[in-house]
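Worksheet for the structure shown next.
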Amino acid sequence: MNTGRTRGLVGLLAVGISLADLDRWDPGSIRAVAATAAERATHFRDVAHNQGAIIAKLEWQGASREASTARARVIGNSLLQHADECDQAGRDVSSAASEVESIKAEWTRIQRMADRWGITIDVASSSLECFHSADPKQQAETARHLQIVDDAIVDLLRRADSTDRHLATSLDNAASEMADGDIAEAPIAPDSDQKRNQIDAFRKTFGRDPVSTSDWTTASALDPHSYNPKNQGVEANIVVARIKPIPGQGVVRTNLFIPSKDVWAPAIELPLSDNEHMLPYDNNVGDNRGFSPFIGPEESRVAIYTDFENGIIVARQNPSVNADTGQVRAGTPDVSAIQQSNGAVLLRYNAADPFSPGGEVPAKAIPFSVNGTLGISPSADGPRVGGTVTSFPALEIYGDRNGTTTPLLQSWPSFTDDASGPMIGLLPHKDIGDPMIVTCFNSVVPQIEPPQLGSVHGPQAMPITPPLAIVPPGNFTPFGPTTAGEVPVVRTYTPFQGDEFLVPR
Numbered sequence: 001m002n003t004g005r006t007r008g009l010v011g012l013l014a015v016g017i018s019l020a021d022l023d024r025w026d027p028g029s030i031r032a033v034a035a036t037a038a039e040r041a042t043h044f045r046d047v048a049h050n051q052g053a054i055i056a057k058l059e060w061q062g063a064s065r066e067a068s069t070a071r072a073r074v075i076g077n078s079l080l081q082h083a084d085e086c087d088q089a090g091r092d093v094s095s096a097a098s099e100v101e102s103i104k105a106e107w108t109r110i111q112r113m114a115d116r117w118g119i120t121i122d123v124a125s126s127s128l129e130c131f132h133s134a135d136p137k138q139q140a141e142t143a144r145h146l147q148i149v150d151d152a153i154v155d156l157l158r159r160a161d162s163t164d165r166h167l168a169t170s171l172d173n174a175a176s177e178m179a180d181g182d183i184a185e186a187p188i189a190p191d192s193d194q195k196r197n198q199i200d201a202f203r204k205t206f207g208r209d210p211v212s213t214s215d216w217t218t219a220s221a222l223d224p225h226s227y228n229p230k231n232q233g234v235e236a237n238i239v240v241a242r243i244k245p246i247p248g249q250g251v252v253r254t255n256l257f258i259p260s261k262d263v264w265a266p267a268i269e270l271p272l273s274d275n276e277h278m279l280p281y282d283n284n285v286g287d288n289r290g291f292s293p294f295i296g297p298e299e300s301r302v303a304i305y306t307d308f309e310n311g312i313i314v315a316r317q318n319p320s321v322n323a324d325t326g327q328v329r330a331g332t333p334d335v336s337a338i339q340q341s342n343g344a345v346l347l348r349y350n351a352a353d354p355f356s357p358g359g360e361v362p363a364k365a366i367p368f369s370v371n372g373t374l375g376i377s378p379s380a381d382g383p384r385v386g387g388t389v390t391s392f393p394a395l396e397i398y399g400d401r402n403g404t405t406t407p408l409l410q411s412w413p414s415f416t417d418d419a420s421g422p423m424i425g426l427l428p429h430k431d432i433g434d435p436m437i438v439t440c441f442n443s444v445v446p447q448i449e450p451p452q453l454g455s456v457h458g459p460q461a462m463p464i465t466p467p468l469a470i471v472p473p474g475n476f477t478p479f480g481p482t483t484a485g486e487v488p489v490v491r492t493y494t495p496f497q498g499d500e501f502l503v504p505r
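Quick note, the sequence shown lines up with residues 1 to 505 if you use the numbering used here.
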């Protein structure tokens, strides 16, 4: 029998975002700002290209032409810089919009869970209500449900408050960039340390400064510096290899990220919890996000950028943060690749938690790690992707091409996307994307069989074609660190198709 009502107050009232704010959030309006910033970038890019073309068509010689050409180049570079800044502002705002969408989806899930348990969420007062039961067991279960809902709302409000601050900064930056009509002749703002670091990293690899959008995307991946405060300045570990460029295919960005705010990681020394009970794991900080086409290279556990324009693949493992000890450490990804003569690339990657018991090497060998095979094949319509990966973490692949970002593949963890993911969610492997991408790297070759002893009398039957076998590729080229100087060059080969071994007629 139910009597009266039980009332619980949501345990977090000090944050700036309320439950009512969650209902009012409009991701569409936020994305409109991002679209405006992108349009602004396109406008300034067009103006830069047009004024350069006008100067090139003017017919006069001498010092005045040289001065005008030099001035036009400075103006054009400033316009292109401003366009890049608008693009970045748009990406930041769009990333915040994606997070808002993810938060609203989680808010809907919590509301449905509360409804299922007979709990009413009072948005105005941030309180929880449900009927009181005279049955002690039922009342204990009700109290447990109240606590679950309360904890979920508290976590969501913390996440929303962080997103709100990020959104406010992104909107301010976008407004500033779009309102700034002045043309600065300096190619970089004097306080733009991040941009300077990206230029230095790109110049170290290519011997020149980044210019195109693809250049800047790759420069961001090559920059090992950490800008997120949680990483405490610890740098990412980056490995690279060169490939044959395929102009027009752009940059393919692959991100492997942990959706939850933290995850369990095995520990040798078992830490004590707040209630003095031994726990068989540490808590590592997750990426705490959903899919986002405009996320930067630092916002994932592992990021792999395949730049077909510049002919390079950059793989980075970002620092891991142990939430229990405060330690920050970056692992080193094992990545290797081969490339077909048509430009298609096949990647193998293996990355482990740097806090793994015994270190990364045993974890990768077991393998208790994030690993897989990814194929990227150029086409007239842009790159196609496919492969085999561990079921955890989340994986997203985007193609940046001709000024447009296209989602190529998004794969959510198959079994668990919460804190248990690294411990129970890695296996089994799963197929993703186009299944033909990886198999097109296989060779068809004659199968070697022992000779069959037949009758000594009469003619022996001769097969028209020998038995054939499917052989996967080997001799993958290992990537090397950016600090090694000489960048490895990925081996290029053409798979056998089988018809090379047919008997001539």
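Where is the CB? At the ideal position from N, CA and C, for every residue including glycine.
Take Ala201, set aside five residues on each side of it, and the residues of its chain with a beta-carbon closer than 8 Å to its own are Ala219, Leu222, Asp223, Pro224, Thr482, in chain order. For the options Leu157, Val471, Asp431, the alpha carbon positioned closest to that of Ser443 is the one of Val471. For the options Thr163, Gln194, Pro378, Gly433, the alpha carbon positioned closest to that of Gly248 is the one of Pro378. For the set Ser212, Leu22, Pro383, the Cα lying nearest the Cα of Glu101 is the one of Leu22.
Along the length of the segment 62–121, whole beta strand (DSSP E) runs at least 3 residues long do not occur. Taking the Cα positions, Trp412 is about 11 Å away from Val389. DSSP places Thr332 outside both helix and strand once states are collapsed to three, so it counts as coil.
About 13 Å separates the beta carbons of Phe257 and Ser95, which is beyond the 8 Å limit, so they are not a contact pair. Between the C-alpha atoms of Ser133 and Leu146 there is a straight-line separation of about 13 Å. The three-state secondary structure of Arg208, taken from DSSP, is coil.
DSSP places Glu396 within a strand segment (E or B) once states are collapsed to three.
Around the beta carbon of Tyr349, a 10 Å sphere encloses 16 or more other beta carbons of the protein chains shown; the residue is thus reported as buried.
Distance from the Cα of Gln327 is smallest, within the candidate group Leu468, Gly233, Asn288, Ile397, for Gly233.
Between the alpha carbons of Gln339 and Ile238 lies a distance of about 20 Å. Short of 6 Å from the beta carbon of Ala83, and not among the five residues preceding or following it, lie these beta carbons of its own chain, in chain order: Ala41, Phe44, Arg45.
Counting C-beta pairs with one atom in each stretch, the segment 406–420 and the segment 363–373 have fewer than three that are closer than 8 Å, which means they do not touch.
Counting only runs of at least 4 residues, the segment 364–445 fully encloses the following alpha helix (DSSP H) elements, listed from N- to C-terminal order: 421–424, 436–439.
Assigned with DSSP and collapsed to three states, Ser18 falls in coil, not helix or strand.
Remark: three or more beta-carbon pairs, one from each stretch, lie closer than 8 Å, so the segment 316–334 and the segment 291–306 are flagged as touching. Contact annotation: Ala363 and Ala352 have beta-carbon atoms nearer than 7 Å.
For Pro478, the secondary structure class from DSSP, reduced to helix, strand or coil, is strand. In the structure shown, Ile304 falls within a strand segment according to DSSP collapsed to helix, strand and coil.
For Phe392 against Gly425, the beta-carbon gap comes to about 4 Å, under 8 Å, which counts as contact.
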